[in-house]
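Novice: Got a structure for you, written out below as structure tokens; questions coming shortly.
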Amino acid sequence: MAKSTVSKMSLSTKEIAELRAKHLLPSTMTYFTDPVNIVKGEMQYVYDDAGKKYLDGFSAVVTISVGHCHPDIVPKIQAQVATLQHMTTLYFHPNIALYAKKMAEAAKNANPALHVSFFTNAGCEANELAAILAKNYTKQMEFVALRHSFHGRTLMAMSLTGQSVWRHSLPYVFGVYHAPAGYCYRCPFAMTYPSCDMACAKEIEGVIKYSSSGKIAGFIAEPIQGFGGVVDPPKEYFKIAYDIVKKYGGVFIADEVQTGFGRTGDKFFGIEHWGVKPDIITMAKGIGNGAPLGGIIATTDIAESMRGKVHFNTYGGNPVSMAAGLGVLEVLEKYNYAHNATVVGKYIKDKLMELMGRHKIIGDVRGKGLMLGFELVKDRKTKEPAAKETLRIMDLAKDRGLLVGKGAMAGNVIRIKPPLCITKDDADFIYKTLDECLSIVEKETK
Ligand SMILES: Cc1ncc(COP(=O)(O)O)c(C=O)c1O
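Going by the working numbering, the first residue of the sequence shown is number 1314, and it counts up by one from there.
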């Protein structure tokens, strides 16, 4: 992509690498063989310290929902920073009240009974709170989550997460059991949809019956799994899951940290595609478009279970994050970005399907709207994950000005989740670049 004029930051990439190595936890990950020093963002594009322009096909890990430094939102944040940064929820401020009202309006289609919010700084805090709410409301303490899921890095969130790569050797929160996700490409029962009769979703009942006390506080799932590798279950999956969860007394929690706010196309929340009514929705990442903002929305009944109890989050709901959140809601409506996600998302998905027809290394293409991905395999029959090749494609794409993400337990899924403002021209660039990178990798591995 073309270069832009970006002033050099005061530290070189080498100096940053040295400081990070010395002063940041060694578990602080980076992408790419040669990490990129990104110093500027403009809607769907970012720039490195040498002025090289990239299309951000991964939205800074699905956080930049409507575009880097969106010109409608930046002035609102700046004005708020210049007026009042923080006082905590112990004091009144209009932003949080307005945002909570707008959230209840936005959540109507997911479930008209969702009225009450609480705001945090991150997704893990939101999921921790959802678990607390579920326990308080049901007076139960066990949970069912899904294999391949990701819910965050605090202790409860890590316990809910269904991937060993995201866990450490810790004393986990007990009473969390993992059921099969709707991952048709790697069906744990070696069955095929639809003749499988949704064995994966039905197994949730088996997990409750055989692993728990027979009563659960809740079930948590991402409508489309993010870090799990864009696992997009069949249309029946969550209805079956919902009925089982209700049968055993649990609340249904939709973790919309990645799928929230239009990313899956037209629907505000991803779960709306499945037509079930979640009791609690958790959210973060894109809802702040780069500002630290997370939260939950719950039914009034569930929220009432917190009456008389203290729950506080020092920076949660601060006026600056709320200004950013209000700005995101405004531009989503003004520019109809959720619909753009449907249109451009379908265009990209069709192109990915076409690439799968020509590149044997692609085993599966998945996702909805602008939450897309494709799985790379060494052999379509054995489905052996092509993890090294995935990294190579990411490097090659980066060199050509396209940033994409990766996911799945084996790290063999390329994730394409650009800001919702991208255009068809950007989609063509993604297609052309990936086509070229796939051809190179296939040649190298012959
Ligand atoms: C689906 C999902 N839930 C929860 C989280 C945790 O969010 P955070 O990193 O903001 O704590 C993430 C991302 O990290 C996520 O992708």
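Yeah, the Cβ is synthetic: ideal placement off N, Cα and C, and Gly gets one too.
Whole angstroms are fine: how far does the CA of A1636 sit from the CA of L1760?
Specialist: Residue 1760 cannot be examined here, being either before or after the span of the chain that is shown, 1314 to 1759.
Novice: Kindly examine ligand 1 and report whether one of its heavy atoms sits closer than 7 Å to the Cβ of N1440.
Specialist: Yes, the beta carbon of N1440 sits closer than 7 Å to at least one heavy atom of ligand 1.
Novice: Please classify E1569 as buried or exposed, where buried requires at least 16 neighbouring CB atoms within 10 angstroms.
Specialist: By the neighbour-count rule (16 or more Cβ atoms within 10 Å), E1569 is buried.
Novice: Between A1413, Y1550, A1363, K1759, which lies nearest to A1264 when the distance is taken from Cα to Cα?
Specialist: Absent from the structure is residue 1264, since the part of the chain shown begins at 1314 and ends at 1759.
Novice: Between N1602, I1600, D1556, which has its C-alpha nearest W1587's C-alpha?
Specialist: Residue D1556 is the option with its Cα nearest to W1587.
Novice: In the DSSP assignment, the alpha helix (DSSP H) including F1551 goes from what residue to what residue?
Specialist: Here the alpha helix (DSSP H) through F1551 covers 1550-1560.
Novice: What separation, rounded to the nearest whole angstrom, lies between the Cα atoms of T1318 and D1362?
Specialist: Caution is warranted here: a pLDDT of 48 is assigned to T1318, below 50, making its placement in the model unreliable, and no coordinate value can be reported.
Novice: Work out the CA separation of L1397 and P1632 for me, nearest whole Å.
Specialist: Rounded to whole angstroms, P1632 to L1397 spans 7 Å at the Cα level.
Novice: Looking at the structure shown, is V1379 part of a helix, part of a strand, or coil, going by DSSP?
Specialist: In the structure shown, V1379 sits in coil (DSSP, three-state: anything other than H, G, I, E or B).
Novice: Does I1386 come out as helix, strand or coil in the three-state DSSP assignment?
Specialist: Of the three classes helix, strand and coil, the one that applies to I1386 here is coil, per DSSP.
Novice: Taking the C-alpha atoms as reference points, what is the distance between A1423 and E1755?
Specialist: Whole-angstrom Cα-Cα distance: 43 Å.
Novice: To the nearest angstrom, how far is the alpha carbon of D1692 from that of D1385?
Specialist: Each residue's Cα considered, the two are about 47 Å apart.
Novice: From which residue to which residue does the beta strand (DSSP E) around E1355 run?
Specialist: Per DSSP, E1355 belongs to the beta strand (DSSP E) from 1351-1355.
Novice: Within 10 angstroms of its Cβ, does P1698 collect 16 or more other Cβ (buried), or is it exposed?
Specialist: Buried is the call here.
Novice: Would you mind sorting H1624 into buried or exposed? The rule is 16 or more other CB atoms within 10 Å of its CB.
Specialist: Classification for H1624: exposed.
Novice: So what does DSSP say about M1400, is it helix, strand or coil?
Specialist: Reduced to three states, the DSSP call for M1400 is coil.
Novice: Give the C-beta separation of L1446 and S1618 to the nearest angstrom, bearing in mind that I take them to be a contact with Cβ-Cβ under 8 Å.
Specialist: Indeed, because the Cβ distance is near 6 Å, the residues count as touching under 8 Å.
Novice: Is A1699 a contact residue of ligand 1, with contact defined as CB to any heavy atom under 7 Å?
Specialist: Every heavy atom of ligand 1 is 7 Å or more from the Cβ of A1699, so no.
Novice: Going by beta carbon distance, what residues of the same chain come within less than 8 Å of I1600, once the five residues before and after it are set aside?
Specialist: Here the set comprises S1378, G1573, F1574, L1606, G1607, G1608, G1638, V1641.
Novice: Can you find a heavy atom of ligand 1 that lies under 7 Å from the Cβ of H1586?
Specialist: No; taking the cut-off as 7 Å, the Cβ of H1586 has no heavy atom of ligand 1 nearer than that.
Novice: How long is the line joining the alpha carbons of A1700 and I1615, rounded to whole angstroms?
Specialist: Looking at the two C-alpha atoms, the distance is approximately 43 Å.
Novice: Would you list the one or two residues that DSSP bridges to K1366?
Specialist: DSSP, once it has assigned bridges, lists Y1360 as partnering K1366.
Novice: Taking 8 Å as the threshold (C-beta atoms), are C1509 and P1501 in contact?
Specialist: Not a contact, by the Cβ cut-off of 8 Å.
Novice: Return helix, strand or coil for K1673, following the three-state DSSP convention.
Specialist: In this structure, K1673 counts as coil in the three-state DSSP scheme.
Novice: So L1459 is in the alpha helix (DSSP H); what residue range does that whole segment cover?
Specialist: Note, L1459: premise wrong, no alpha helix (DSSP H); beta strand (DSSP E) at 1456-1459.
Novice: Confirm, please, whether the CB-CB distance from S1525 to Y1490 is below 8 Å.
Specialist: Yes, the Cβ-Cβ distance between Y1490 and S1525 is below 8 Å.
Novice: Which residue marks the beginning of the alpha helix (DSSP H) containing L1709, and which one marks its end?
Specialist: Looking at the DSSP string, the run of the alpha helix (DSSP H) that includes L1709 is 1700-1712.
Novice: Ligand 1 heavy atoms versus the CB of D1739: any closer than 7 Å?
Specialist: No, ligand 1 has no heavy atom inside 7 Å of this Cβ.
Novice: Please name the residue, chosen from W1479, L1689, K1515, A1554, that lies closest to R1728 on a Cα-to-Cα basis.
Specialist: Looking at the Cα atoms, L1689 is the closest of the given residues.
Novice: Helix, strand or coil for T1451 per DSSP?
Specialist: Helix.
Novice: In or out: I1753 buried (at least 16 other Cβ within 10 Å) or exposed?
Specialist: By the neighbour-count rule (16 or more Cβ atoms within 10 Å), I1753 is not buried but exposed.
Novice: Report the CB separation of G1658 from K1681 in whole angstroms; it is logged as a contact under 8 Å.
Specialist: At roughly 7 Å, the Cβ-Cβ gap stays under 8 Å, so G1658 and K1681 are in contact.
Novice: Could you give the DSSP three-state label for M1635: helix, strand or coil?
Specialist: Correct three-state label for M1635: helix.
Novice: Which of the three DSSP states, helix, strand or coil, is assigned to L1642?
Specialist: Residue state, collapsed to three classes: helix.
Novice: So R1460 and G1475 are in contact, right, with Cβ under 8 Å, and what is the actual spacing, rounded?
Specialist: Contact holds; Cβ gap of about 4 Å.
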